[in-house]
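The next block holds one structure in the form of structure tokens; read it before the comments.
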Amino acid sequence: MPLAPCVAALLLVSCGDAPPEWIGESPLRWHQLNVSGTEAAGFTALGARQTGVDFTNDPSAEMVTRNQHLANGGGVSLGDVDGDGRVDIFLVNTRGANGLFLNRGGMRFEDASDAAGVNFGDRRPSGSALVDIDGDGDLDLLVSSMGAPVTLLENDGLGVFTDRSLESGFETSRAGSTMTLADIDGDGDLDLYAANYRLDRAADVFSSADRRETPVLERRDGEWVVNEMYREYYRVIEDAEGVLSWEFGQADDLYLNDGTGAFQREPISGSRFLDAEGEPLEVEAQEWGLAARFRDLNGDGAPDLYVANDFESPDQLWINDGAGTFRLTGAGALRKTSHASMSIAFADVDANGTTDIFVADMLPLSSRLRKTQVSTLMEVRPPPGSVEVTMQVNRNTLLLGNDDGAWTEAAQQAGLDASGWSWGAEFVDVDLDGHQDLLIATGHPWNAMDADTGERLRRTQAGAEWKDVMNLFPALRLPNRAFRNLGDGTFELVEGAWGLDRGEDISHGLATADLDGDGDLDVVVNRLGDPALVLRNDSEAARLAVKLVGLAPNTGAVGAKILVSGGPVDQVREVGAGGLYLSHSDGLQSFATGSASSLTIEVTWRSGARTVVEAEPNRLYEITEVLNQGAGPAPTGSPQATEGPLFEDLRAALAHTHADRPFNVTVAQPLIPRELSRLGPGITWTDSDGDGDPDLVVGAGAGGAVAYFENQNGTLRRAVAGPALEYDVTTLLPEPDGRSLLAGVANYEAPSPTAAVEVPTAVSIRLGPGGPGMGVPALSSDGSSTGALASADVDGDGDLDVFVGGRVYASAYPLPPTSRLFRRQQDGSLVYDSAASAPFSRVGLVSGVTFTDIDGDADPDLVVATDWGPPRLFINNRGGFTESTRSWGLSPYLSWWNGVTAGDLDGDGRMDLVLTSWGRNIGLEARTDRPLLGYWGDFDRNGQLDFLLAARDDRIGSVAPLTSFGRLSSGLPYVRRQTTTTYGAYADASLAQVLGPAISSGQVSEITTLQHMIFLNRGDRFEPRVLPAATQLAPAFHPSVADFDGDGHEDLLLTQNFFPNTLGAERFDAGRGLLLLGDGSGEFVPQTPSQSGINLRGDQRGAALADYDGDGRIDLAIGQNNGQTVLLHNRRGRRGIRVRLRGGAANPHGIGATLRVVYADGLGPARELRLGSGYWSVDDPVAVLGLRTEPEGIEVRWPDGVVQRVDVTNDQLGITVVRANR
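Set out below in structure tokens:
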């Protein structure tokens, strides 16, 4: 047969209308792809004149005004309906004038809408899907509608359809939206889940006059009830916040397929749907469903289900047991969801082998829209310490899958939290680099959240008829968005959206398919009021296309997973059906091949059978499932068996919950960016009874009590709690006698500055058989609120001096407080040393502190973690301190530092630093070239400090406030009266214009990073390194350095989260406590909760280390604000060697000494003994040193610089080193 002129040899491809030449036959055949394109990745929009796709979803203005739900748009479905091997296009028209366009090759399409029988003017269609319902090998058409049952159109194989809705079991009229299909029960056919919204809104039916005349709620016989005329729309909700009327949506539908295309509805309740505790749902929820999508999320081969609901209707994540019974994911595993959830997209964003979930919402990218829109989210702040709660947020969410079935919300760190008023969304590898990018359709007829219009309408409707009020809001036409996947779990906004942005419009349904047969994915978008977009992918990169053919009745192989390895990265896709917003994509999957010459395709079918194919790039492989093919190994992505977690959680044995009574900081400083009244607790290990093992002491907040746990032969027993505290205590610092604690006292909650001065800086708490005693004033106050404490022999006289960090002045944040040094006297008392304290008088807002020998001269230098400042380094020279922050290279790193510790992270014997901050997942960004700014001063002259976060806004070319106009107006009322009287004016104003002349009296602080970092000590400078991305998902407070796994390299532990943000700011709860294993070079690998055993969902603060049971493994205790204290017992680390020092009476544990293991080939990492480090916490001074090989001895450098070596053997569990004479 002669070759086509555009190819040679066997490279026969689609050329115009010529069909491809297939090599091989079922179950495996392939053909070469004709790859052409442009060097720059992206799409070219092809107009109707070029493609023949002349279609506009054009409901009349009258239609959408009278029923605003019709403005939710129409979908698009892509698939080969006529069996010619080319992908056709079906587009939904809200009026019913749907469009079917048959692909004739060369990106030319023929309008077959009328002949195909896909128009129906008696309905208001919304969503669609092209799926083989009856197993006959062709694609049938499902259409959802507003106010009608699901429509099933049966395909005759040639693209002509017949309505089989009634005989198929679709009888119930619904406000239908997105449909998704999968074989939920493993019987081989496709079942249907249909998300439903609501036919109309109460606002479309009842005028404000109706509501004034007849309120929605009224009280009858002592109970709140909904008036009769509203009962089809509202129900009563009563909770701790009060009583409200809730406008409910509509129940979703699950239809089970009998294999022939006949369906039976199953309730979304009963034995099929279970709550988070495994109990059958009693009633079907009436939610506002916009999207639903099946995907195997836990790697067991069965399709799980995510349902995206609008408004306060909670999203639902259902896990399939494999037999079609779904269990709701509880709040502990799903911490956050979007508020106005529009659409769902799946991909392995962070390349950890698990599927991640993107949910689109409406947060604007535009700084102007962010300031002029007011969210409809009714925020409910859970009680302090609550963990069994899923919070809604007014933005996109990205749920990262973990290996234990829990989800970590990471959209802000990923750069995906905002895309505007969003609808359809899908992951597509646009540039074929192996990483899936994200495309989002946006826009709406009305900017219904425009605050200025809303305020104007609350005053007057400007003469409009009540049903036309919505048309008084401005339009919200937006550009479509594309985000490029950078391959590290983060994304960047692509200018022009790779051609997806065709100017401001209103786009809804979005779907993908290879329309031109070149193996990459093209895109079709259904727009409201504008012609549909047909976008040709112009990438020229090498690719591999895979099309699966399944066994009947699941001929589309829905639920099959495809793993392609050998390319730039391993890539996994799952064949789906429906599930895109109102839309459906074709089942062909496209993969990047990079420079590879050979690849491997591994298909895991829904049945569990497995097919492996060796492949080459730039080919399309069609793989057919074979009957009775044996099952392969566990499905791709399933969790792998491990030896078990490193730690065992023994919190139940402690049965202790930290208490910290509420305090309303916003009375004194209404614009403060975060609360400072719930910063504890700290944790301390100390041998208070002198029996040789460490006892545990946990700090407390105001209204709580210090808790003491006596260690009895490796078992912690709860003693009597101490007396109730009037103020929070911070660090609990053991005194040299071992029987008492020096406890820092935070006066932040004092009712006045005078009262604050009367609160002692620290109290002495005696520990005894009856528990902690009453605190006795020990250090006098200078007015500042105490934060971190640390102790060391600063002046080399053999006893332990104390540094007291000033955290804040009550009601005067961020005015820098004083920090002080107290010298230990011969009688054991502490005396303030004003001369030695002079360098610390303006050190800043001290959050964490540690003594450590940075310069290697055997005396303790001081490192301070400051809020709104750099890590401050003070070098000790014979008891006097000189600040060396700049000379050691720390000054550029301005942050909200929380905690600090030191350790030999790279094994060179020098002390490196670990500093914790707030991470990259809090919605704020700080860089050296774009710092985060804090402006503060008494701007309204009322005697109190005001505080505003600000940053440069390129749109206005100046620094602008980040605080919302509503909150700013409350805190500084003059702003709304005098300088910026509307939301629009505020959005366009610089900070100077907002504050007016008062800005001249203010001061400014800045932040250049919010990342958690380590600083490697290079002898005379620090080398900065950012900790891995997993650490940046949440704020961190306490850092610990120890060899947790016992391999001879130092590891890191971080406590995470911060809940007490002010109302309107979401709490930061993505962390669960994080262990990072070190490799000895300064690099660290984050461990999952399944690997580490650390799974803390609360508001974590201090932590402290001890081998409390003497087994040669480091254990730890972690405190959580208003939460459970957690004891983590190390059960799987390799045993190390316990080292106990015996120093003099004034420093009995040798605090300040450095320990190293001696090996035949050198020394292990250096470990310092400290009293106070990290965040408000104190480790047991008995160290456990991990062993990388057989040890020869232990080297001790005592605090005075004397080096002593003691021999040890490989099987020696512990050693006590007594200070040798000089």
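First residue of the sequence shown: 56, per this note's numbering; consecutive thereafter. Each residue gets a CB set at the ideal place from its N, CA and C atoms; glycine is no exception.
Beta-carbon spacing of residue i, residue j below 8 Å
i: Gly214; j: Glu165; result: no
i: Gly182; j: Arg320; result: no
i: Trp923; j: Ser1060; result: yes
i: Ala798; j: Leu787; result: yes
i: Asn931; j: Asp914; result: yes
i: Pro1094; j: Thr956; result: yes
i: Met966; j: Thr873; result: no
i: Gln1175; j: Gly1207; result: no
i: Leu453; j: Ala473; result: no
Buried or exposed by the 16-neighbour rule on C-beta atoms within 10 Å, applied to residue i
i: Met829; result: exposed
i: Arg557; result: buried
i: Gln880; result: exposed
i: Val1273; result: exposed
i: Leu900; result: buried
i: Arg450; result: buried
i: Ala810; result: exposed
i: Ser743; result: buried
i: Glu226; result: exposed
i: Val1194; result: buried
i: Asn1276; result: exposed
i: Met504; result: buried
i: Gln695; result: Unreliable placement is indicated for Gln695, whose pLDDT of 45 sits below 50; the coordinate value is still reported in the next sentence. The residue in question, Gln695, is exposed, as its Cβ has fewer than 16 Cβ neighbours within 10 Å.
i: Ala506; result: buried
Coarse secondary structure for residue i, derived from DSSP in three states
i: Ala100; result: strand
i: Gly851; result: coil
i: Trp521; result: helix
i: Phe895; result: helix
i: Ser422; result: helix
i: Pro690; result: Only weak support exists for where Pro690 lies, its pLDDT of 46 falling under 50; the coordinates are left without a value.
i: Ala696; result: Legend: pLDDT at Ala696 = 41, less than 50; position of this residue unreliable, no value from coordinates given.
i: Ser1145; result: helix
i: Thr392; result: strand
i: Asn1177; result: coil
i: Thr508; result: helix
i: Val186; result: strand
i: Arg1055; result: For the sequence presented, residue 1055 should be read as Ser rather than Arg. Note: Ser1055 maps to helix in three-state DSSP.
i: Tyr1029; result: helix
i: Thr907; result: strand
i: Tyr288; result: coil
i: Ala890; result: helix
Nearest candidate by alpha-carbon position, reference residue i, set the options
i: Ser1232; options: Val919, Ala890, Gly735; result: Gly735
i: Arg729; options: Arg1122, Ala1208, Gln1087, Ile1054; result: Arg1122
i: Trp85; options: Ala1044, Ser846, Ala670; result: Ala670
i: Arg1007; options: Thr1063, Asp523, Arg1187, Ser228; result: Thr1063
i: Val260; options: Ala1201, Tyr288, Leu637, Arg1260; result: Tyr288
i: Phe413; options: Glu464, Leu383, Thr427, Phe381; result: Glu464
i: Gly128; options: Arg179, Asp1262, Asp351, Thr93; result: Arg179
i: Ser81; options: Gln467, Leu494, Thr679, Phe1002; result: Thr679
i: Gly883; options: Asp569, Gly777, Trp521, Asp792; result: Asp792
i: His1184; options: Leu705, Leu771, Val1213, Arg941; result: Leu705
i: Gln1066; options: Glu434, Pro1079, Pro894; result: Pro1079
i: Val863; options: Leu855, Asp560, Ser839, Ala845; result: Ser839
i: Gly50; options: Asp187, Ala152, Arg104; result: What the structure shows of the chain is the stretch from 56 to 1277, and residue 50 is not part of that stretch, so it cannot be assessed.
Any non-hydrogen atom of the ligand NAP closer than 7 Å to residue i Cβ
i: Val1049; result: Because no ligand of any kind appears in the structure shown, any question about the ligand NAP cannot be addressed here.
Original post:
At what residue ranges does the stretch 325-364 contain a whole run of the alpha helix (DSSP H), taking only runs of 4 or more?
Top reply: none
Original post:
Which ranges does the beta strand (DSSP E) cover as unbroken runs of at least 3 residues, wholly within the stretch 945-1023, from first to last along the chain?
Top reply: 954-958, 967-971, 987-992, 1001-1008, 1013-1016
**OP:** Can you check the stretch 433-468 for any alpha helix (DSSP H) of at least 4 residues that lies completely inside it and give the ranges in chain order?
**Re:** none
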